[in-house]
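Note that numbering that gives the first Met the number 0 numbers the sequence shown so that position 333 is 332, with each residue one more than the last.
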Amino acid sequence: MDSALFSSYHSVTSKFSLLFFITSFLCISVALCHGNDTDQQALLAFRRAIKDPFGYMKPWNVSTHFCQWPGVTCGRKHMRVLQLNLANQNLDGPLSPFIGNMSFLRSLYLSNNSFRGEIPSEIGRLRRLQRLNLGNNSFHGDIPSNLSRCSNLVSLLLGGNKLVGSLPPELGSLSKLEYLLLTRNNLTGEIPYSFGNLTSLRGFYAPLNNLHGKIPDSLGQLKNLNSLGLAANNLIGTIPYAIFNISSMTTFDVGINQIQGTLPSSLGITLPNLELFIIGGNNISGSIPSSLSNSSKLVYFLAGGNQLTGSVPSLENLNELQQLTIPGNYLGTGEPDDLSFMSSLTNASSFRILEMQFNSFGGILPVSFQNLSTELQVVQLSYNKIRGNIPAEIGNFINLEEFQVRENLLTGTIPTSFGKVKIMQILDLSQNRFSGNIPSSLGNLSAVTILLFHDNDLTGEIPASLGNCNNLIEIYVAQNNLLGQIPKELFALSSLVAVDISENHLDGFIPLEAGHMRNLEYLNVSENNLTGKIPSTIGSCVRLEVLDMKGNSFQGIIPPSFSSLRGLHVLDLSRNNLSGQVPNYLEDFKFQLLNLSFNGFEGMLPNDGIFKNASAISVIGNPKLCGGVPNIHLPECDIKRSKKFGSRFILKIVMSIVFGILGLAILVTLLFFFLFKKPKKGPVLSSFGESLINVSYQSLLQATNGFSEDNLIGAGSYGSVYKGTLDGGIVVAVKVLNLSRHGASKSFMAECEVLRNIRHRNLVKVLTACSGIDYQGNEFKALVYEFMANGSLEDWLHPSPSEDANREESKKLNILQRLNIAIDVASAIDYLHHHCETPIIHCDLKPSNILLDDRLIGHIGDFGLAKFLQPTAQNSSVSEGSSSLVRGTIGYTAPEYGMGSELSTCGDVYSFGILLLEMFIGKRPTDGMFRDGLDLPSFAKYALLNGATKVIEPSLIFGSNEDNGGENTRMYQSEECLVSILQVGVACSAYSGAERMNITETVSKLYSIRDAVM
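Structure below.
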């Protein structure tokens, strides 16, 4: 080719190449622009579908490129969205199906928000998706089966939602999936056999669901599996032996199911990497394999509540072990060598928790026990057959917080070295055969809250040094051989809630310092040799519910100060030398038992109130008593006897006449005043049943000091509440409606309509309502309530930091107080649901709507959202089209309301269940810890595996200050009481309304729990 031809050819080919490059570039640019536009439109559609209360997504607008929007990450090459991370932003609403148009998306993180509705099936179009985290939202419906099309998925996290239905077998095709988290949903059906094909799976978690059937054998094929969590389901059958051959396993948790079978003898050999092993709460039998010691990395072994038998093998290689929990089995044989395994635990330098109660262990505590780790915190050996002494070296366990050996065969003396354990909080040596004195060194236990020494052979005096235990809540030393007087230092402790010193040989007087026990609820000094008068200072113990003083030599009258003990349920003064008349004020007490028998009471027995119930009182053995109702079978009071007390009767008659005349004069004056009084202009009183108080806008303005902030005691959705003092000194709470708020007027009318139709001791009493015009010509509406001196339950459960720092420790609620408030609330709900002419649903039960009077009696308030239940809806749990009626409060509203179900009594039961759990666990349902598949009911349900005390509000168990009312530690006489309380809360807050405990049954159950503590 000559040079001219070559030049011409080169020129043509160069132009063609340039044209081809330009054309190609334009085609690619158009495609990329189109792809970018698709991503932007998808993001904007996503944004439009949801609420963003904190404005995190406010910059999402077309003025900036979407790759710069918060939460959006794009690829550098194509500028397509690779990651969308909007976790923890309080977003609310449905997930837009347009999310499926972002075809380059690899990671989608939306956890810890309030997304609802169904998971859009369009996500199945995201073929590049690797990580999908929708945990801790409110998604409902089924898990889309076409998620299996996201073949690159590495992690699929859907825990903490409201998903239902079965696990899609199609998910078994996700060969790259490493983590599958389905915790706390309402999933049913069996675990698909196809999940055995998830060969890359490392973690499979599906606890707290309703899965049933057997664990499929195919899971044994998952050789990369590290963690398997299937606790708190309804699984049956046996654990496939193939699973025990997955040597990579570190976490294995199948607790709280109905699994049977035995553990393989090779357990520790085939699972050498095991760190956590939980099988508690099943029906597993057989022995603990001796090979367990080969799992040298084991930290936690929890196998309580099964049917395990035999001996505990040597655990000598478990140097990392921190917790051994095996209560409620049939372990041990009662033989001397049952506890020999403890010597092998001395190798575990971080060992902290030993729980072996409710078994059949025999023998003595071996010498090796004293060589356990000094990190030891909990020793629970109760209800076994252990003999011998507690070693004197027990004081070396300086971190010991709980030592319980109740109901064994232990002997010897109580070691004085217990006094070295400064942080000891629970010491239970009851129902053994201990002898000797109670060591005075126990006065050094400044943190102790519970001392239980009853049912032993202890002698000597109760040491006065116990008065130094400023956090002591409960002391039981009954049924021993104690002598001497009651130390005044002990009865001066304001922290005490329960004291039982009965059935000893104590003498002398009851110390006057008894009046310092302001938090006392249970006092039993019966069957001793106590003398003297009953001190009037006991009348200061206004929280007393049980006072048992029978079988002593008390003299004199029943102190007039006892009229302050309005909370008494049991008063037993029988078999003493008391005299005088039976006080009339006892008529008004709500006694379950009043025993005044075998004393020297005289005169006329009251015949009203409790004295009408012959089955609740006993007055036999008082020959000078007369009168009363016929069923009591006392002789009639004759004239001569009446003359003996004639002066008293004449005084009463004279007083009656005087007060009658005064009353008539007042009545005439009032009639004259109202007949000739000129009507005032301004707001008028809205008729409210049989209101006793007439109020106007002016009177409420004056009563609340101009509705000043100093008088503000609370604020809610539709108004503010002020403390006020009306003319005459009547203290009230005034709820002023904020009528500018949409729905406030409707709330006012609803509350008036409901409250004029109901009357119950545990409902806030409304005194009147005011509706009119204020001085600026604006509409004014207010409700006037009986004032509750102790504010709301919310203030007590969750005080603000400033309130918490300033408030007295004595104002903290103890366990029995919380239980009583729970009974109050449940009783009121039962009344609203079943004893009104038309059933009423409150719709907004929560701590801020529970008010406490000066005796800490609970009252339900704020009926602004309450609804009268139509007959067709009374038993309904699901119906379409009424979710808009439900507002309520997040965390307390029944889950079915979010899915369109109509109002039902089941919704209030759910709210009560949440309230009950919050009262005893101390966590709000919206607490930050409840995420990634965990909420308050599931937390309680799962924690029941290891005992209720593990999740109870810490201040109830470990009080810290002198005036701490703490808990009613009688609950610790039986751990079943605490377990029962949480079980009721879990039963009431079940996901499905049909599975919830009936409120009437709930009330009965709570009363039974309380009775077990009395």
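Don't be surprised by glycine CBs; every beta carbon is placed ideally from N, CA and C.
Each residue's CA atom was taken as its position, placing V541 and N576 some 25 angstroms apart. In this structure, M341 sits near L371, with a CB-CB distance shorter than 9 angstroms. E274 sits in coil when the DSSP states are folded into three classes, being neither helix nor strand. The beta carbon of G627 lies closer than 7 angstroms to those of L604, N606, F610, L633 in the same chain, with the five residues before and after it left out. Pairing T373 with E401, the inter-Cα distance amounts to about 14 angstroms.
The DSSP assignment places 130–132, 137–140 as complete runs of the beta strand (DSSP E) inside the segment 114–140, in order along the chain (cut-off: 3 residues). Per DSSP, F490 is one residue of the alpha helix (DSSP H) stretching across 487–490. For Q816, the enclosing alpha helix (DSSP H) covers residues 814–833. Residue nearest to E319 within the set L273, F45, L812 is L273 (criterion: CA-CA distance). Take K421, set aside five residues on each side of it, and the residues of its chain with a beta-carbon closer than 8 angstroms to its own are I397, N443, L444, S445, A446, in chain order. The three-state secondary structure of E601, taken from DSSP, is strand. Contact between L227 and F203 holds: CB atoms are separated by about 6 angstroms, below the 8 angstroms threshold. Secondary structure at N594: strand, using DSSP grouped into helix, strand and coil.
Linking I255 to S359 through their CA atoms gives a straight-line distance of about 23 angstroms. Every beta strand (DSSP E) stretch that sits fully inside the segment 257–302 and reaches 3 residues is listed by chain position as 275–277, 299–301. With a cutoff of 9 angstroms on beta-carbon distance, L855 and L812 are scored as near each other. Taking 9 angstroms as the cut-off, the beta carbon of S154 is found closer than this to the beta carbon of L131.
Here L495 is near L471, since their CB atoms are less than 9 angstroms apart.
Within its own chain, the residues whose Cβ lies closer than 6 angstroms to the Cβ of I118, once the five positions on either side in sequence are excluded, are F138, P143, listed in chain order. Contiguous beta strand (DSSP E) elements confined to the segment 297–347 occur at 299–301, 306–309, 322–324, taking only those with 3 or more residues. Under the DSSP assignment, Y204 falls in the beta strand (DSSP E) whose first and last residues are 202–204. Secondary structure at G228: strand, using DSSP grouped into helix, strand and coil. The three-state secondary structure of N848, taken from DSSP, is helix. In summary, K780 is buried, with 16 or more beta-carbon neighbours lying within 10 Å of its beta-carbon over all protein chains present. Bounds of the alpha helix (DSSP H) holding K940 are 935–942. Counting along the chain, the unbroken beta strand (DSSP E) around C769 starts and ends at 765–772. Non-local C-beta neighbours of I509 in its own chain, meaning closer than 6 angstroms and more than five positions away in sequence, comprise P534, ordered along the chain. By the Cβ-count criterion, V61 is exposed, with fewer than 16 other Cβ atoms from all chains shown falling within 10 Å of its own Cβ. As computed with DSSP, P93 is found in a beta bridge with R115.
The C-alpha of N789 is placed about 23 angstroms away from the C-alpha of G705. The residues D427, S429, Y475, in chain order, have a CB closer than 6 angstroms to that of L451 in the same chain once the five nearest residues on each side in sequence are set aside. Rounded to whole angstroms, the gap between the alpha carbons of V694 and L725 is 9 angstroms.
Counting of Cβ neighbours within 10 angstroms places R183 among the buried residues, the total reaching 16 or more. Of S847, S563, C73, the smallest CA-CA separation from D794 is found for S847. D252 and N135 have their C-alpha atoms roughly 21 angstroms apart. Bounds of the alpha helix (DSSP H) holding L915 are 904–920.
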